[in-house]
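Counting from 1, position 108 in the first sequence corresponds to residue 161 in the working numbering; the numbering is continuous, with no gaps.
Right, one structure below, let's go through it.
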Amino acid sequence: MQPSKSNTAHRAIALVDVNNFYVSCERVFNPKLRNKPVVVLSNNDGCAVARSNEVKALGVPMGAPWFKFKDLAKQHGIIAYSSNYALYADMSNRVMSILRQFSPDQEVYSIDESFLDLTSFQRRDLVKYGQLIRSSVLKGTGLPVCVGIASTKTLAKLANHCAKKRPEYNSVCNFNSMSDSQLDQLLSEIDIGEIWGVGRKRAPKLKQLGFNTVLDLKRANPEILRQNFSVVMEKTIRELNGIVCIELEEVTPDKQQILSSRSFGTPVTDIHGLSESISLYVSRAAEKLRRQQSYAGSLYVYIRTSPFRDKDPQYSNGMTIKLPSPTDSTPKLVSIALWGLKQIYHPGYNYAKAGIMLGELVPASGIQTDLFSTMQPNPKSERLMKAMDLINRKMGKESIKMASEGFKHPWKMKQENKSPCYTTNWDELLKVD
DNA sequence: ATCACGGTTTGCA
DNA sequence: CTAACGTGCAAACCGTGAT
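This is how it looks when you write it as structure tokens:
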């Protein structure tokens with residue numbers, strides 16, 4: 054007889070997550086930042102989106118508006134970086150391809166997280182295997198990761214949480230190697246808000262009903278909780294009990310919508326500035342659209358003032374435009390978006406943000422070609438789009454663009470302290486001192 | 001009642 | 001100097017009008 058193992062572990066799912074990802078990327082290329090308090094700010098240097106442990110210890114919350122913490126930052130010498138997405142994306146790709154070598158079944162869940170199915174490796178010691186993953190990523194990229202292993206994705210997330218928060222696990226935590234009572238003891242020490250799918254809204258509601266720890270929810274009746282919440286809650290409870298309800302998604306499905314929006318560095322009042330920004334966002338979104346070989350059936354444009362400038366008159370509006378036939382052509386999409394902008398624009402406001410969304414996406418292969426339509430896919434325009442995408446890929450972003458995107462962009466987002474693109478741009482690398 | 005829809009809310013990284 | 005608060009997705013949810 055085997056010693057009683059609760060999780061008659063049919064499956065072994067690992068969640069590998071880079072610690073403080075953006076901050077760790079900056080540290081790889083600037084070792085002086087080690088052991089110092091470092092934050093990385095969101096676009097426009099608006100919020101703190103990545104914090105080193107030192108910064109967390111100083112009490113800066115995730116997503117904190119940075120202007121509220123500038124004094125604290127000065128006091129403690131916190132080093133603040135603007136986000137450098139080109140660098141992070143490249144580092145992410147390196148991490149993901151190393152992880153892929155440890156399992157044929159990988160789901161890239163986000164820029165810094167990957168699920169790996171390790172079920173077929175269970176004859177090995179998975180904690181050792183986790184340590185091997187960890188040292189390989191560290192050696193290959195310089196980035197520190199934590200590994201959580203369990204029988205479902207929801208539990209693997211929690212195991213990863215333990216790997217991070219509890220030094221005794223040495224960055225690798227395997228729930229499957231624990232006994233029932235050991236695991237339940239551990240789950241009883243974790244707050245319900247740490248559970249994947251339980252967030253800002255649901256945690257308080259659950260606590261009101263008397264569920265405070267992960268163990269409380271694990272023991273809850275899934276049917277009854279489903280009435281009070283949703284099918285998601287039911288799945289969460291079953292997953293906490295080791296029943297797989299959320300499968301590994303190895304092939305990333307095509308996007309159903311593509312969104313591009315930015316807040317402005319300085320407010321924009323006239324329609325020209327708005328038009329330029331909208332043109333730029335449509336171009337970015339259309340590139341993504343073509344990369345996944347889809348056509349858009351509708352386009353949504355919106356503009357709004359800043360709700361935080363509460364003394365300013367507020368205005369927010371958007372409109373959805375159904376396209377006469379699905380398209381992936383930048384100039385067509387731009388002219389439609391600009392037409393829409395004209396409809397919703399009102400002078401006299403300080404606009405803080407604009408954006409567009411491409412919706413009703415369909416695969417290019419299955420496009421409805423109406424013989425009598427005047428908007429048939431046009432070979433000339435297709436060749437032009439292909440050429441533009443190729444040039445922009447080879448020569449760098451925005452080598453060629455639509456004239457309507459403009460050039461000066463006084464509204465462009467604020468980025469006061471961006472690090473060089475160490476891995477993707479030779480010119481910037483040469484500037485490093 | 002039930003459905004399809006569109007807009008809104010929620011959660012997540 | 002001052003004022004200053006992200007982005008991009010999916011899915012659930014909810015009100016509404018049509019049937």
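By construction, the Cβ of each residue, glycine as well, lies at the ideal position given by its N, Cα and C atoms.
Treat the numbers as computed from the prediction; the structure is a model and nothing was measured.
For the alpha helix (DSSP H) holding residue i, just list the boundary residues, first then last.
i: K341; result: I324 to R344
i: T383; result: T383 to I397
i: V190; result: L179 to T194
i: K375; result: First-last for K375: S369 to T380, but that is the beta strand (DSSP E), not the alpha helix (DSSP H).
i: K217; result: K206 to K218
i: P104; result: In the sequence under discussion, the amino acid at residue 104 is Arg, which differs from the Pro named in the question. Per DSSP, R104 belongs to no alpha helix (DSSP H); it is in the beta strand (DSSP E), A101 to R104.
i: M286; result: V284 to L293
i: R80; result: F74 to F82
i: A407; result: Premise fails: A407 lies in the beta strand (DSSP E), Y404 to G412, not in any alpha helix (DSSP H).
i: L239; result: D233 to L240
i: L169; result: Run containing L169: none in the alpha helix (DSSP H); it sits in the beta strand (DSSP E), E166 to D170.
i: K123; result: K123 to H129
i: D98; result: Per DSSP, D98 belongs to no alpha helix (DSSP H) and is neither H nor E.
Does the beta-carbon distance from residue i to residue j come in below 7 Å?
i: L312; j: M410; result: yes
i: N223; j: A65; result: no
i: T207; j: V297; result: no
i: A456; j: L414; result: no
i: A103; j: N83; result: no
i: S135; j: K433; result: no
i: G246; j: T289; result: no
i: P275; j: E287; result: yes
i: I132; j: V81; result: no
i: C199; j: K218; result: no
May I ask which residues mark the beginning and end of the beta strand (DSSP E) holding residue i?
i: N281; result: N281 -> not in any beta strand (DSSP E); alpha helix (DSSP H) instead, spanning P275 to N281.
i: Y138; result: Element bounds for Y138: not the beta strand (DSSP E) but the alpha helix (DSSP H), Y138 to R153.
i: P320; result: I311 to V321
i: D70; result: I66 to V71
i: Q159; result: Q159 to S163
i: V91; result: V91 to L94
i: V354; result: S347 to T358
i: V225; result: V225 to N227
i: V198; result: V198 to A203
i: A133; result: I132 to S135
Can you give the beta carbon distance from residue i to residue j, rounded, assuming they're within the 8 Å contact cut?
i: K454; j: S330; result: K454 to S330, Cβ: 13 Å. No contact.
i: R187; j: V225; result: 6 Å
i: Y334; j: G412; result: The pair is not a contact, with the Cβ atoms about 14 Å apart (cut-off 8 Å).
i: A256; j: L169; result: In fact, because the Cβ distance is near 28 Å, the residues do not count as touching under 8 Å.
i: G201; j: C215; result: 7 Å
i: N227; j: L179; result: 5 Å
i: L171; j: Y182; result: 7 Å
i: L270; j: I248; result: 7 Å
i: R343; j: M438; result: 6 Å
CA-CA distance, residue i and residue j?
i: R177; j: K210; result: 21 Å
i: D237; j: L268; result: 6 Å
i: S426; j: K375; result: Because S426 carries a pLDDT of 48, less than 50, the predicted location of this residue cannot be relied on, and no value is offered for it.
i: D70; j: Q396; result: 45 Å
i: P157; j: S167; result: 12 Å
i: P56; j: Q235; result: Any reading at P56 needs caution, since the residue's pLDDT is 48, under 50, leaving its predicted position unreliable; the model's value is listed next. Their backbone Cα atoms lie some 13 Å apart in a straight line.
i: S382; j: G318; result: 29 Å
i: W464; j: K109; result: 32 Å
i: Y355; j: M372; result: 7 Å
i: V190; j: S378; result: 46 Å
i: V285; j: E303; result: 21 Å
i: L443; j: Q345; result: 15 Å
i: E481; j: E79; result: 15 Å
i: G488; j: L327; result: Nothing can be reported for residue 488, as the shown portion of the chain is limited to 54 through 486.
i: L94; j: K85; result: 19 Å
i: A440; j: A417; result: 18 Å
i: K385; j: S314; result: 19 Å
i: H462; j: Q309; result: 30 Å
i: L152; j: K123; result: 37 Å
i: H325; j: S332; result: 10 Å
i: N106; j: P220; result: 13 Å
i: H63; j: L240; result: 20 Å
i: A126; j: R87; result: 17 Å
i: H129; j: M144; result: 29 Å
i: E458; j: S316; result: 16 Å
i: Q468; j: Q159; result: 34 Å
i: P400; j: W392; result: 16 Å
Please indicate yes or no: does the CB of residue i lie closer than 6 Å to some heavy atom of the ligand FMN?
i: E247; result: Absent from the structure shown: the ligand FMN. Ligands present: none.
*asked:* Could you check whether the segment 470-481 touches the segment 140-159, counting it as contact only if at least three pairs of C-beta atoms, one from each stretch, sit closer than 8 Å?
replied: yes
*asked:* Below 8 Å, how does it come out for the segment 350-370 and the segment 400-409: are there three or more Cβ pairs, yes or no?
replied: yes
*Say whether the segment 113-122 touches the segment 92-101, bearing in mind that this needs 3 or more beta-carbon pairs closer than 8 Å, one atom from each stretch.*
yes
_the segment 287-305 in contact with the segment 439-448 per 3-pair CB rule at 8 Å_ = no
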